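Data block below; observations after.
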Amino acid sequence: MDPLPPFATHRVENQPPEFAPRDLWQDDAALREAVVREGGGDFAETLATYGALAGDELYRLSFDAHRDRPRLRTHDRFGNRIDLVEFHPNYHRIMQAAIEHGVAGLSWTQPRPGAHVARAALSYLHHQVEPGTSCPLTMTHAAVPVLRHAPDLVGWEGKATSPFYDPRDIVGDQKLGITIGMGMTEKQGGSDVRANRTVATALSGENEYRLVGHKWFFSAPMSDAFLVLAQATGGLTCFLLPRWTPDGQKNSFALMRLKDKLGDWSNASSEVEFMDAWAYRIGDEGRGVATIIEMVMLTRLDCMLGAAAEMRMALAQAMHHTHHRMTFGKRLADHALMRNVLADLAIEAEAAIVLAMRVARAVDRAPYDPQEAAFARIATAVGKYWVCRRAPGFVNEAQECLGGAGYVEESLLPRLYRQAPLNSIWEGSGNIQCLDVLRALQREPHTGRALLAELEAAQNVDPDLDTEIAELRPVLEGRTVPGEVEARRWVEALALALQASLLLRNDSPMAAAFCSTRIGGDHGNAYGTLPRDFELGSLIGRAWNG
């Protein structure tokens with residue numbers, strides 16, 4: 000060991016090595032198995048390539064992309080209105096890599112079985128390292144089914160799904176690839192979009208309108224076009240509002256300010272005013288919610304994937320630190336209580352990604368399988384409610400594994416902690432998801448039957464799950480419907496039963512522990528309260544490939 004220089008006060012020891020580079024695909028057995036099981040195995044090479052890239056270059060680029068927040072420039076130096084949002088160059092490099100590798104377009108450019116599963120896995124890998132860019136990527140991906148309601152917009156669809164990223168503020172016709180944002184909520188409405196007051200007035204051209212009004216959340220404001228809702232003569236209607244009009248002029252809207260958010264710093268969210276902005280109607284007047292609903296389902300799936308990704312990255316950070324840090328004469332990960340915490344987190348993380356990928360398979364098969372379509376309809380809301388709700392507490396527990404080091408930005412965990420609440424709020428917060436589940440059970444009883452069939456596929460394997468299925472059966476068969484006041488309790492029970500069923504049917508090493516603790520109740524109110532009779536080492540080893 001080299002001697003210390005005379006001015007040095009100590010030697011730096013007992014510190015973990017850098018987390019990156021890390022292969023996010025090869026290190027995640029639960030993900031790899033889920034992709035194959037749910038039908039995306041043909042895309043394994045694509046996913047392996049992106050998992051290595053995300054855990055290396057994109058991980059390193061993400062720190063400055065996140066730290067140097069977007070800035071709004073409303074005017075140029077001559078006083079002209081320009082409404083530009085400036086990003087750190089790393090943001091654009093990350094966006095370019097994601098779009099080139101299909102994070103926004105693979106589902107549509109390779110329309111064969113398993114494509115939605117593979118695209119979901121790409122989104123999960125990407126979100127682990129840079130969740131802010133996930134917002135425009137998700138919306139661009141989810142906009143495609145909406146654009147298909149208007150055959151005249153086929154050119155927009157082709158550019159939204161292309162592997163080319165072009166951040167320039169120019170007419171979309173001059174680009175090989177575009178991104179699409181969204182504006183639904185207004186100051187007076189929030190989740191109640193039917194309370195929107197933005198007015199759409201028809202012009203002489205077919206399907207052309209002028210919009211006057213505002214949006215309280217105008218997501219990804221540097222996108223090339225936006226899907227928005229406005230009140231036309233026939234009621235709430237869906238529109239495509241481009242940044243540039245067909246005659247090559249800047250569209251008449253003004254970005255008022257960027258939101259100063261808790262997290263999601265690399266992504267710009269804004270408020271906007273429409274001042275006779277030109278827009279193209281998609282779908283019939285008065286059918287705005289029905290037209291845009293498929294986009295909402297896809298973005299809700301990405302919320303679930305995002306929460307699962309945040310859990311996975313938080314777990315990986317905690318595993319990395321505790322397996323390299325020495326305390327009281329042995330590795331931190333070898334202490335019994337820490338092993339209980341790590342094993343408990345590993346169970347939760349695997350249950351999250353298993354459910355998200357099963358929903359991805361249902362979305363993949365929904366166009367030609369009514370049973371899968373029914374399952375996707377209800378399981379998306381169930382999973383979105385529960386998985387997203389679990390992320391904030393999970394990330395905080397992972398921070399504790401690092402102690403004070405988990406509270407400083409270099410560890411990545413503060414970024415994840417700020418990000419964790421977002422997915423439970425975006426695209427309908429918890430109450431909205433629970434009300435949606437009740438609505439589906441009442442108005443679309445086939446959704447309850449589809450969920451029951453999924454649970455019954457694991458019947459007679461675990462007694463705790465069997466008991467839970469018996470309690471849920473009257474609701475899923477439509478013989479009784481919980482009241483609104485009970486909605487959260489029932490949706491939580493549905494989510495846990497569904498996760499248990501999937502883990503059992505997939506022979507996951509986590510299944511018995513999940514059922515005993517999450518379904519059977521052999522667990523405290525905090526992570527790290529697993530009973531003593533579990534083999535913690537095998538649970539940790541399942542999640543840790545260091």
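Sequential numbering from 0 applies to the sequence shown in numbering that gives the first Met the number 0.
All residues carry an ideal CB built from backbone N, CA and C; glycine is no exception.
Remember, it's a predicted structure, so these values are computed and weren't measured experimentally.
Closest by C-alpha distance to residue i, when choosing among the options
| i | options | result |
| --- | --- | --- |
| L538 | H100, S269, N339 and A231 | N339 |
| C134 | D275, S222 and V192 | S222 |
| Q95 | P369, P166 and R286 | P166 |
| T359 | D343, A380 and D168 | The question names Thr, yet the displayed sequence has Ala at residue 359. The candidate whose alpha carbon is nearest that of A359 is A380. |
| Q458 | A449, A469 and Y208 | A469 |
| A510 | A345, V102 and P162 | A345 |
| H322 | R70, I281 and C400 | C400 |
| A449 | V460, R487 and L493 | L493 |
| D82 | N266, G247, L71 and T160 | L71 |
| D75 | E85, R68 and L341 | E85 |
| G392 | H65, A525, A103 and A199 | A525 |
| S428 | T178, S190, Y123 and E44 | S190 |
| P549 | G447, L210, E309 and A496 | Residue 549 is absent from the model: the chain starts at 0 and stops at 545. |
| L175 | E207, E156, Q187 and A19 | E156 |
| L584 | V211, A120 and F18 | Residue 584 cannot be examined here, being either before or after the span of the chain that is shown, 0 to 545. |
| A397 | L451, R311 and I281 | R311 |
| L23 | T232, G131, S500 and S122 | S122 |
| D275 | F252, L440 and V170 | F252 |
| S265 | P150, R504, Q418 and D465 | Q418 |
| A231 | R209, G328, L451 and E409 | R209 |
Distance between residue j and residue i (C-alpha atoms, nearest Å)
| i | j | result |
| --- | --- | --- |
| H148 | A332 | 54 angstroms |
| P548 | D27 | Residue 548 lies beyond the residue range present for the chain, which begins at 0 and ends at 545; the question has no answer from this structure. |
| P16 | H319 | 9 angstroms |
| W107 | E534 | 43 angstroms |
| L411 | L297 | 27 angstroms |
| R330 | E467 | 39 angstroms |
| V116 | H522 | 32 angstroms |
| L254 | G54 | 34 angstroms |
| P369 | V386 | 25 angstroms |
| I291 | R389 | 27 angstroms |
| H9 | D1 | 12 angstroms |
| P420 | L3 | 46 angstroms |
| V288 | L228 | 8 angstroms |
| M294 | M138 | 8 angstroms |
| R442 | V490 | 17 angstroms |
| D283 | G520 | 50 angstroms |
| H100 | T160 | 11 angstroms |
| I424 | F62 | 24 angstroms |
| P530 | N195 | 51 angstroms |
| G234 | M303 | 31 angstroms |
| D168 | N250 | 12 angstroms |
| G180 | R299 | 15 angstroms |
| A103 | Q127 | 16 angstroms |
| A224 | R324 | 49 angstroms |
| N395 | L415 | 9 angstroms |
| Q498 | A350 | 6 angstroms |
| E408 | A43 | 33 angstroms |
Backbone secondary structure at residue i - three-state DSSP
| i | result |
| --- | --- |
| L23 | coil |
| A114 | helix |
| S515 | helix |
| D263 | coil |
| G536 | helix |
| A547 | With the chain running from 0 to 545 in the structure shown, residue 547 is simply not present. |
| I169 | coil |
| A439 | helix |
| F393 | helix |
| K158 | helix |
| K383 | helix |
| I177 | coil |
| D12 | In the sequence under discussion, the amino acid at residue 12 is Glu, which differs from the Asp named in the question. Looking at E12 - three-state DSSP - the assignment turns out to be coil, as it is neither helix nor strand. |
| T479 | coil |
| R84 | Reading off the sequence shown, one finds Val at residue 84, where the question assumed Arg. Strand at V84. |
| Y406 | helix |
is_contact[residue i, chain C] using C-beta, thresh 7 angstroms
| i | result |
| --- | --- |
| A419 | You won't find chain C in this structure, because it holds only one protein chain. |
Could you tell me whether the stretch 351-364 touches the stretch 374-386, where touching means 3 or more Cβ pairs closer than 8 angstroms?
-> yes
May I have a chain-ordered list of the alpha helix (DSSP H) segments no shorter than 4 residues that lie completely inside the stretch 210-249?
-> none
Count the C-beta pairs between the stretch 28-40 and the stretch 97-111 that are closer than 8 angstroms, then say yes if the count reaches three, no if not.
-> no
Any chance the stretch 432-441 sits against the stretch 343-356, with 3 or more Cβ pairs inside 8 angstroms?
-> no
Count the C-beta pairs between the stretch 236-245 and the stretch 145-161 that are closer than 8 angstroms, then say yes if the count reaches three, no if not.
-> yes
Should the stretch 502-516 be called in touch with the stretch 479-487, which here means at least 3 C-beta pairs below 8 angstroms?
-> no
Identify every run of the beta strand (DSSP E) within the stretch 22-79, keeping only runs that are complete inside it and at least 3 residues long; order them along the chain.
-> 70-74
Is there contact between the stretch 87-101 and the stretch 36-54, where contact requires at least three CB pairs shorter than 8 angstroms?
-> yes
Minimum length 4: unbroken alpha helix (DSSP H) runs contained in the stretch 299-386 = 335-364
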